[in-house]
Amino acid sequence: MKYETIIGLEIHVELKTASKMFCGCDASFGGEPNSKTCPVCLGLPGVLPVLNRKAVELATRFALALNCQIAPYSIFHRKNYFYPDMPKNYQISQYDLPLGVGGHLNLEMDDYVTRIGITRVHLEEDTGKSIHVGGSGRIHGADYSLEDFNRAGVPLMEIVTDPDLRSPEEAREFMQELKGILEYLEVSDCKMEEGSLRCDANISLRPVGSEDLGVKTEVKNMNSFRSLYRALAYEENRQRELLENGGQVVQETRHWDEDSGVTSPMRTKEYAYDYRYFPEPDLVPLELDKDFVEKMRGTIPELPAAKRKRLITDLGLPIYDARTLTSSKAMVDFFDRGIKAGADPKKLSNWMLGELSAYLNANGLDIGDIRTTPEQLAEMIHLIDKGTISGKMAKDIFEEMLNTGRGAKEIVEEKGLLQISDEEELERIVEGVIQSHPNSVEDFMKGKEKALGFLVGQVMKETEGRANPTLVNQLLRKKLQAGKD
Amino acid sequence: MELCDLTAWQGMDMVSRGEAKVSEILESVLKRIDQVEEKVRSFITLTPDLALRETKRLDEKVGKSEELGRTGGIPLAVKDVLCTKGVRTTCASRILENYIPVYDATVIDKLKREDMVMVGKTNMDEFAMGSSTENSSFGPTSNPWDLTTVPGGSSGGSAAAVAAGEAMWSLGSDTGGSIRQPASFCGVVGMKPTYGLVSRYGLVAFASSLDQVGPITKDVRDCALLMSILAGHDPLDSTSLPGEPPDYLSSLREDIRGLKLGVPEELWGEGLAPGVRACVESALRLLEELGAMVEFTSLPSLKYALSAYYIIAPAEASSNLARYDGVRYGYRSEESEDVMEMYSRTRARGFGQEVKRRIMLGTYALSAGYYEAYYGQAQKIRTLIVRDFQSAFQRFDLLVSPTSPTTAFKLGEKVDDPLSMYLSDVCTIPVNLAGIPAISIPCGLDQGMPVGIQFIGKALDEATVLRAAYSLERALDRRFLPPLIAEAGES
């Protein structure tokens with residue numbers, strides 16, 4: 016029997032607000048443990064939450080970008096469960112009346128487009144962080160635990176998709192696209208390694224043609240797009256083998272282990288709760304009027320899909336280039352600025368996807384970390400176009416630019432790297448090379464074109480690569496031709 | 071009569087006329103505490119040094135002809151459910167036995183700006199759950215009128231302290247009658263404001279949708295004065311109502327001619343002690359003589375108020391009290407093997423019987439499969455109650471009832487019978503469910519024990535409530551001073 020894979024994602028995004036969801040504490044990542052806390056986010060007796068306006072704005076903007084309907088009236092609930100990193104032992108979250116519902120995202124795969132439904136977008140607060148010392152590193156069997164509440168109360172947005180994804184590839188692509196949208200909207204930093212973008216998945220299989228959903232498992236602890244893909248591929252195989260051998264899938268939560276590359280059932284104690292949801296009495300209903308929603312709609316910038324389309328149709332970039340450039344907002348912003356500074360689109364793209372990406376990868380950097388500006392790169396490309404520097408020289412110059420943040424012109428001038436295009440000077444050098452390589456000259460005279468290349472190389476060597484190769488070629492040919500005649 | 075037996079405004083008058091120093095009033099209060107506290111046990115924590123330091127500062131202010139803040143430095147007691155920075159706040163619970171808050175509740179902050187002199191933190195039922203102040207891990211408080219009876223609860227310490235002159239006014243909190251019922255039992259005035267009128271920030275939560283802070287005072291004028299200080303929007307409390315509250319002192323007119331008073335039959339029925347009935351009836355006659363129109367009426371949904379309350383309040387409490395887990399502050403059971411054991415031992419030992427009973431009730435009511443049948447149903451009742459009150463207020467300016475069906479009962483009498491204890495709040499609970507204001511003032515004695523009458527107003531109409539209470543108080547023209555005070559004077 017052939018099986019079809021059904022995947023739905025539950026994504027948590029930390030919102031990029033200055034302060035926490037319900038108090039004024041700094042919401043930024045890290046810091047001395049428990050330094051970004053106050054009575055409210057520590058859940059001291061008597062405190063009350065006050066909703067962060069910015070968080071509502073960001074979530075609304077995002078929900079609109081995903082074509083959701085914004086609820087004119089939504090409320091917060093309490094989700095009750097005990098865990099040491101939850102200061103109040105309940106999480107303030109949205110439940111049956113979320114902020115946004117019924118959206119969708121069109122997913123562009125290599126050779127088809129598929130529409131992924133967005134069930135809901137809602138707001139909630141993050142928990143603190145536990146470090147369990149001793150044992151396996153989980154709370155059970157630990158000697159003791161340390162709690163850091165800096166993250167407690169940081170605004171979180173939860174996004175739940177319909178079960179519309181049909182493969183681990185689609186799931187990964189969806190997350191890529193979602194990350195792009197989040198970045199373009201400046202809603203989140205989307206740093207998976209810092210936990211500001213997290214994802215759980217529900218996966219089940221069913222016979223092709225069946226309308227009913229099969230028994231699903233929930234997979235947790237996937238910390239990168241790669242591990243999302245690997246975990247789902249693993250789980251897909253595991254379920255298929257079970258079904259093909261007459262077995263049954265057990266509905267359960269499974270933990271992905273990155274190192275061993277397998278999923279395993281989580282202890283029921285680690286996740287099974289009756290959350291006893293009820294409306295949060297300390298907050299008033301969230302009422303968003305039309306004006307607010309339209310104002311938020313007006314702040315939505317060009318999103319990745321539209322941008323990709325523009326790069327392909329208007330600027331003539333290949334699909335691959337467009338997709339890669341638009342996969343990160345910082346990248347495409349850099350590109351856009353380079354274009355604005357007058358760079359040729361394809362050349363700019365080549366430099367960014369080639370030298371620049373290699374440099375970033377080699378040094379473990381983000382494009383946001385470098386000092387070189389898009390205008391500087393555009394200027395460098397311009398210098399190549401003008402023939403002031405050669406493409407070969409440019410590679411070294413670019414690296415120097417990236418390392419120092421200085422401009423191409425400055426480097427070129429300081430190091431005397433300007434290409435030698437002065438004909439008189441070059442003529443002198445060419446003469447010299449002809450004098451000292453009579454054998455090659457003779458070869459050329461006999462019709463060996465290759466010998467010319469050798470001679471050009473000699474001139475370049477003499478000039479430490481600074482000679483304008485086109486000019487050298489012309490000069491050599493002219494001189495040798497003259498000798499022939 | 072000692073200085074401490076004056077009302078707060080009388081004390082302020084004396085200070086402003088130069089007839090008494092702020093510190094002399096405090097000394098009188100501290101002396102009274104010395105004389106009676108052993109018997110009454112109103113306080114969990116006394117703060118005389120803090121109070122003395124404050125009065126010294128205030129006397130200096132007076133000496134320099136500077137105006138005092140609106141509390142006039144008149145000694146005030148605070149229910150131990152309000153967070154006071156640097157002063158232990160226990161909620162009468164073992165689990166917070168040594169808990170010292172790092173911040174002041176908004177109401178405390180407001181009072182401090184008005185030159186508050188706080189004499190101590192008063193006893194209460196643990197986490198404000200109870201009607202007798204017997205559910206305190208620090209032991210019960212006695213009613214100053216009869217030391218073998220309860221002061222009511224949960225703000226029993228705050229009511230007893232004011233009745234005994236151990237404080238000249240106090241703060242309580244009222245979730246289902248916790249200000250009004252003890253005020254009634256102790257012969258003092260107690261008001262529960264409209265929900266959202268007084269900030270809850272720093273009030274340790276019992277049932278968030280019902281809790282309100284309010285004053286307990288010797289007369290209605292003091293009540294109006296304290297209300298004027300407490301009321302007002304607080305950006306730290308999302309349920310706090312916007313807008314500036316009025317000056318309630320200006321509502322104290324002796325004029326209730328034409329005021330329409332409704333008496334809900336549902337608050338006038340079974341369980342009502344004959345002596346209480348007689349007292350309240352004679353008060354109603356007096357109100358009629360003053361020109362008010364009194365008429366019986368029916369709010370049918372009030373029959374279900376107690377049942378709805380004992381779903382909603384415990385449900386919210388079960389969640390509000392989840393934070394007392396031994397992880398970050400408060401009592402922790404040390405000899406546990408793992409975190410689950412630490413939770414259960416800490417909470418088993420840290421909480422008292424009644425608190426645990428309500429946590430279990432509330433947890434059950436919110437459980438999957440039961441939510442709709444219990445919590446959902448209770449919320450519907452609550453909506454009906456709100457509507458019944460709304461339609462009653464289309465016909466009446468105020469509703470009137472006994473505050474509690476009985477006078478103070480004996481210590482120990484109802485400890486093992488929670489249901490009969492719960493009935494003590496049958497007249498006050500509907501008011502919290504509807505979020506509207508109500509006051510209890512003493513209207514007579516039944517066999518030597520005070521009887522309270524309750525005036526209920528529409529939302530944010532504290533002014534009319536105060537006006538009616540003030541008019542009745544003036545017409546009764548009688549101070550309710552417990553015999554204990556006379557004895558204290560003799561010794």
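As given, the protein sequences belong to chains U and S, one line each in that order. No gaps in the numbering here: position 470 of the first sequence is 485 in this note's numbering, and each next residue is one more. No gaps in the numbering here: position 441 of the second sequence is 511 in this note's numbering, and each next residue is one more. All C-beta atoms, glycine included, are put in the ideal place defined by N, C-alpha and C. Computed from a predicted model, the values in this text were never measured in an experiment.
Item to check | Where Pro-170/U falls: helix, strand or coil (DSSP) | outcome: Pro-170/U: strand per DSSP, three-state reduction.
Checklist entry - Is DSSP giving Lys-126/S helix, strand or coil here? => result In the structure shown, Lys-126/S sits in a helix (DSSP, three-state: H, G or I).
Checklist entry - Where DSSP assigns a beta bridge to Asn-213/S, which residues make up the other side? => result As computed with DSSP, Asn-213/S is found in a beta bridge with Asp-216/S.
Checklist entry - Glu-386/S versus chain U: which residues are under 7 Å apart at the beta carbon? => result Within chain U, the residues near Glu-386/S are Pro-296.
Checklist entry - Using the beta-carbon of each residue, which ones in chain U are nearer than 9 Å to Asp-408/S? => result Per Cβ cutoff of 9 Å: Ile-154, His-155, Gly-156 and Ala-157.
Checklist entry - Should Ala-443/S go down as buried or exposed, given a rule of 16 or more other Cβ atoms within 10 Å for buried? => result Counting Cβ neighbours within 10 Å, Ala-443/S comes out exposed, since fewer than 16 surround it.
Checklist entry - By Cβ distance, which residues of its chain are closer than 7 Å to Val-347/U, with the 5 residues on each side in sequence left out? => result Result list for Val-347/U: Lys-322, Leu-340 and Thr-341, in chain order.
Checklist entry - Hey, does Leu-166/S have any beta-carbon neighbour from chain U nearer than 9 Å? => result Leu-166/S has a beta carbon lying within less than 9 Å of a beta carbon in chain U.
Checklist entry - Would you say Thr-433/S reaches chain U, if we count a Cβ-Cβ gap shorter than 9 Å as a contact? => result Output row for Thr-433/S: interface = yes.
Checklist entry - Considering Arg-93/U, what are the terminal residues of the beta strand (DSSP E) in which it resides? => result Here the beta strand (DSSP E) through Arg-93/U covers 92–95.
Checklist entry - Closest Cβ-Cβ distance between Phe-307/U and chain S: below 9 Å? => result Closer than 9 Å: no.
Checklist entry - What do you get for Pro-384/S, buried or exposed, if any count of 16 or more other CB atoms within 10 angstroms of its CB means buried? => result By the neighbour-count rule (16 or more Cβ atoms within 10 Å), Pro-384/S is buried.
Checklist entry - Who are the near neighbours of Asp-359/U in its chain, counting only those whose CB is closer than 6 Å to its CB and skipping five residues on each side? => result Hits under 6 Å: none found.
Checklist entry - How would you call Pro-300/U, buried or exposed, if buried means at least 16 neighbouring beta carbons within 10 angstroms? => result Taking every protein chain shown into account, the CB of Pro-300/U has fewer than 16 other CB atoms within 10 angstroms, so this residue is exposed.
Item to check | beta strand (DSSP E) segment containing Asp-272/U, residue limits | outcome: For Asp-272/U, the enclosing beta strand (DSSP E) stretches over residues 267–272.
Item to check | Which of helix, strand or coil DSSP assigns to Met-261/S | outcome: Residue state, collapsed to three classes: strand.
Next on the checklist: If distances are taken between C-alpha atoms only, which option among Met-101/U, Arg-255/U, Phe-240/U and Gly-118/U comes closest to Ile-131/U?
Outcome noted: When only C-alpha atoms are compared, the closest one is Gly-118/U.
Next on the checklist: Just to check my reading of the structure: Thr-115/S and Lys-149/S have Cβ atoms closer than 8 Å, yes? What is that Cβ distance to the nearest angstrom?
Outcome noted: Taking a contact as a CB-CB distance under 8 Å, the pair Thr-115/S and Lys-149/S does not count as one, their CB atoms being some 11 Å apart.
Checklist entry - Can the beta-carbon of Phe-197/S be found less than 9 Å from the beta-carbon of Ala-229/S? => result Contact flag unset, no.
Item to check | Interface residues of chain S facing Leu-63/U [CB-CB closer than 7 Å] | outcome: Neighbours of Leu-63/U on chain S, chain order: Arg-270, Tyr-271, Leu-306, Asp-307 and Ser-308.
Next on the checklist: Restricting to runs no shorter than 4 residues, where is the alpha helix (DSSP H) found entirely within the stretch 375–427 of chain S?
Outcome noted: Complete alpha helix (DSSP H) runs here, min 4: 375–390 and 409–420.
Next on the checklist: Check whether chain S comes within 9 Å of Asn-104/U, counting only Cβ atoms and requiring the distance to be less than that.
Outcome noted: Interface residue, yes.
Item to check | Members of the stretch 161–188 of chain U near chain S, C-beta cut-off 8 Å | outcome: Within the stretch 161–188 of chain U, contact with chain S at the beta-carbon level (separation under 8 Å) is assigned to Glu-162.
Checklist entry - CA-CA distance, Glu-188/U and Glu-446/U? => result Straight-line Cα distance between these residues: approximately 60 Å.
Checklist entry - Is there a Cβ from chain U that is less than 9 Å from the Cβ of Gly-427/S? => result This sequence places Arg at residue 427/S; Gly is not what is there. No, no contact with chain U.
Checklist entry - Anyone know if the C-beta pair for Ser-298/S and Pro-221/S falls short of 9 Å? => result Contact flag unset, no.
Checklist entry - Whose Cβ in chain U lies nearer than 8 Å to the Cβ of Ala-392/S? => result Scanning chain U for C-beta atoms nearer than 8 Å to the C-beta of Ala-392/S yields Asn-95, Phe-97, Lys-103, Asn-104 and Tyr-105, reported in chain order.
Checklist entry - If you check the beta carbons only, do Tyr-174/U and Ala-80/U fall under 9 Å apart? => result The amino acid occupying residue 174/U in the given sequence is Ile; Tyr does not appear at that position. Cβ atoms of Ile-174/U and Ala-80/U: not closer than 9 Å.
Checklist entry - Going by Cα to Cα distance, which pick from Met-281/U, Ser-219/U, Val-277/U and Leu-490/U is closest to Ile-22/U? => result Nearest neighbour of Ile-22/U by Cα position, chosen from Met-281/U, Ser-219/U, Val-277/U and Leu-490/U, turns out to be Ser-219/U.
Checklist entry - Taking only beta-carbon atoms, is Tyr-88/U less than 9 Å away from chain S? => result Interface flag for Tyr-88/U against chain S is unset, since no Cβ pair is found closer than 9 Å.
Checklist entry - What first and last residue would you give for the alpha helix (DSSP H) that runs through Ala-358/U? => result Run containing Ala-358/U: none; DSSP gives neither H nor E here.
Item to check | Assigned secondary structure, Trp-239/S (DSSP; H/G/I helix, E/B strand, else coil) | outcome: Reduced to three states, the DSSP call for Trp-239/S is strand.
Checklist entry - Which partner residues of Asp-289/S appear in the DSSP bridge assignment? => result DSSP, once it has assigned bridges, lists no residue as partnering Asp-289/S.
Item to check | Best match in Leu-371/U, Pro-87/U and Val-456/U for proximity to Asp-384/U [C-alpha to C-alpha] | outcome: Asp-384/U has its Cα closest to that of Leu-371/U, out of Leu-371/U, Pro-87/U and Val-456/U.
Item to check | Span separating the alpha-carbon of Gly-150/U from that of Thr-203/S | outcome: About 46 Å.
Item to check | Close beta carbons around Ile-85/U, own chain, < 7 Å, minus the five adjacent residues each side | outcome: Cβ neighbours of Ile-85/U within its own chain (closer than 7 Å, five residues either side excluded): Thr-75, Ala-78, Leu-79, Leu-114, Gly-115, Leu-303 and Val-308.
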